[in-house]
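J.:
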Amino acid sequence: MRDKIAELLAAAKQAHGRAYAPYSGFKVGAAVLGDDDKIYMGCNTENISYPCGSCAEQNAVGAFVCGGGHKIKAVLVMADSIKTISPCGACLQRINEFADKETTIYLADLEKIRQTYSLRELLPNAFNDLEINK
Ligand code: THU
Numbered sequence: 002m003r004d005k006i007a008e009l010l011a012a013a014k015q016a017h018g019r020a021y022a023p024y025s026g027f028k029v030g031a032a033v034l035g036d037d038d039k040i041y042m043g044c045n046t047e048n049i050s051y052p053c054g055s056c057a058e059q060n061a062v063g064a065f066v067c068g069g070g071h072k073i074k075a076v077l078v079m080a081d082s083i084k085t086i087s088p089c090g091a092c093l094q095r096i097n098e099f100a101d102k103e104t105t106i107y108l109a110d111l112e113k114i115r116q117t118y119s120l121r122e123l124l125p126n127a128f129n130d131l132e133i134n135k
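Just so we're aligned, residue 2 is where the sequence shown starts under our numbering, counting upward by one.
Here it is, written out as structure tokens:
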């Protein structure tokens, strides 16, 4: 796992470098580790019509699905900010769709992991059930 964490950091850094964030000026890189042990990258991609922009994690989850992944083992999110950033609520739900009990979220700056959480800690009451009362 140590090697994989180094790979996740390198992938997120590459993604961070490619982020398109001319409106906020806030670049984010994300790397998803799939149960296939492959790493998928995403960067935030903003738009002049602001609500059309997408988060780094959202794009990394899309790359993971399109690449054939089934379960997410870990996600690393990276930004160059004083405060450690955490995925937004919508992205936690997107990660949750492919997560299991073990799924880990690493929060990093450009050099290192600063905090580690389980997805459960960040989204304890995820929406997981479409059953209705009859
Ligand atoms: N952003 C992400 O890509 N991921 C996060 O976890 C937080 C926010 C992006 C969205 C927007 O392009 C910019 O950061 C500022 O909110």
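Quick reminder that beta carbons are idealized off the backbone N, C-alpha and C, glycines included.
Which same chain residues end up closer than 8 Å to K14 when comparing Cβ atoms and leaving out the 5 residues on each side of it in sequence?
T.: Walking along the sequence shown from the start, residue 14 turns up at place 13. Excluding positions up to five away in sequence, the list reads G30, M79, L111.
J.: Output needed for A127: all residues of its chain with C-beta closer than 7 Å, excluding positions within five of it in sequence on either side, in chain order.
T.: To locate residue 127, count along the sequence shown from 1; it is residue 126. Only Q94, N97 meet the Cβ criterion.
J.: Can you determine whether any heavy atom of the ligand THU sits closer than 7 Å to the C-beta of N45, and answer yes or no?
T.: Taking the sequence shown and counting its residues from 1, the one referred to as residue 45 is at position 44. Because some heavy atom of the ligand THU lies under 7 Å away, the Cβ of N45 counts as near it: yes.
J.: Rounded to whole angstroms, what is the Cα-Cα separation between R121 and I49?
T.: Here residue 121 is taken as the residue at index 120 of the sequence shown, counted from 1. Here residue 49 is taken as the residue at index 48 of the sequence shown, counted from 1. Taking the straight line from one Cα to the other gives about 34 Å.
J.: What are the residues that DSSP puts in a beta bridge with Y41?
T.: Numbered from 1 along the sequence shown, position 40 holds the residue referred to as residue 41. According to DSSP, which records beta bridges pairwise, Y41 is partnered with V33.
J.: Is Q59 buried or exposed, if buried means 16 or more other CB atoms sit within 10 Å of its CB?
T.: Taking the first residue of the sequence shown as position 1, residue 59 is located at position 58. Looking at its Cβ environment, which holds 16 or more other Cβ atoms inside 10 Å, Q59 is buried.
J.: Does at least one heavy atom of the ligand THU sit under 7 Å from the Cβ of S25?
T.: Locating residue 25 in the sequence shown gives position 24, counting from the first residue. Correct: S25 has its Cβ closer than 7 Å to the ligand THU.
J.: In chain order, what are the residue ranges of uninterrupted alpha helix (DSSP H) at least 4 long that sit wholly in the stretch 52 to 105?
T.: Listed in chain order, the complete alpha helix (DSSP H) runs (minimum 4 residues) inside the stretch 52 to 105 are 57 to 67, 90 to 97.
J.: Could you name the residues of the same chain whose beta carbon sits closer than 8 Å to that of Y21, not counting the 5 residues immediately before and after it, in chain order?
T.: By 1-based counting over the sequence shown, the position of residue 21 is 20. Excluding sequence neighbours, Y21 sits near C44, N45, T46, E47.
J.: Just to confirm, does P125 get its C-beta within under 7 Å of one of the non-hydrogen atoms of the ligand THU?
T.: Translated into the one-based positions of the sequence shown, residue 125 becomes position 124. P125: no, Cβ never under 7 Å from the ligand THU.
J.: Among residues of its own chain, excluding the 5 on either side of Y24, which ones have a beta-carbon nearer than 6 Å to its beta-carbon?
T.: Translated into positions along the sequence shown, residue 24 becomes position 23. Counting only Cβ-Cβ distances below 6 Å, and skipping sequence neighbours, we find E47.
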